[in-house]
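Chemist:
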Amino acid sequence: MTTDVRTVGAVPAINPPRWYRALTNDALSRYRSGTAWTCDHAPSYGLGLPVAAASWEPGLVVCATCLPALDIGDQAAIVRCCDGCGKPRATPFGVRDGRLLMFVLVCPRCRGWLRVAKIAPPRHVRGSGRRRVRHGRRSR
14 MTTDVRTVGA VPAINPPRWY RALTNDALSR YRSGTAWTCD HAPSYGLGLP VAAASWEPGL
74 VVCATCLPAL DIGDQAAIVR CCDGCGKPRA TPFGVRDGRL LMFVLVCPRC RGWLRVAKIA
134 PPRHVRGSGR RRVRHGRRSR
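Residue numbers (our numbering): 14 to 153.
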């Protein structure tokens, strides 16, 4: 199964446009009220688990295990139009908004607000938690 969703990195939402906020608010309000369709694992809002939703599957909220259910690769019925402006040939992007990972279809022009939300490279953290071996013995 080829999936476009897994190849896309998720970026945090910083100053999102109105159309994105409307999609996110719709998904979250359905999820909170219990009217959203969920995967078989039935993630409820009260558990606080990270969940994912997609603009091409309105009303569906899945857990991290069932992320392939949002696969857009083999769904020919989905018109790949931009969620922002409606232009064709949009690509899926995952945007992290709290515990919700929202997948949206965006064209290169509407993708500009995603560029400002770059994640800093990971820093080296001192102390890996492993014990050092000195002179053939473990140190304490």
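Note that CB positions come from ideal geometry on N, CA and C, so glycine has one too.
All figures in this text were calculated on a predicted structure; none of them were measured in a lab.
#1: Out of curiosity, what's the CA-to-CA distance linking asparagine 28 and aspartate 53?
#2: Looking only at DSSP bridge pairs, what is leucine 118 linked to?
#3: In angstroms, rounded to a whole number, what distance separates the CA positions of arginine 122 and tyrosine 58?
#4: Can you find the residues in the same chain that come closer than 6 Å, C-beta to C-beta, to methionine 115, ignoring five residues on each side of it along the sequence?
#5: Name the two residues that bound the continuous alpha helix (DSSP H) containing leucine 41.
#6: Roughly how many angstroms lie between the CA atoms of alanine 130 and glycine 111, to the nearest whole one?
#7: Glycine 59 by DSSP, collapsed to three states: which one?
#8: Hey, could you find the ends of the beta strand (DSSP E) leucine 73 is sitting in?
#9: Going by DSSP in three states, isoleucine 132 sits in which element: helix, strand or coil?
#10: Go ahead and pull the three-state DSSP assignment for alanine 67.
Modeler: Once the coordinates are examined:
#1: 33 Å
#2: Pro105.
#3: The straight-line gap from Cα to Cα measures roughly 34 Å.
#4: Thr37, Ala66, Val108
#5: 31-46
#6: The predicted position of alanine 130 is uncertain, since its pLDDT is 46 and thus under 50; a value taken from the coordinates is nonetheless stated next. Near 14 Å, if we compare the C-alpha coordinates of glycine 111 and alanine 130.
#7: helix
#8: 70-76
#9: In this predicted model, isoleucine 132 has a pLDDT of only 45, less than 50, meaning its place in the structure is not dependable enough to derive any value.
#10: strand
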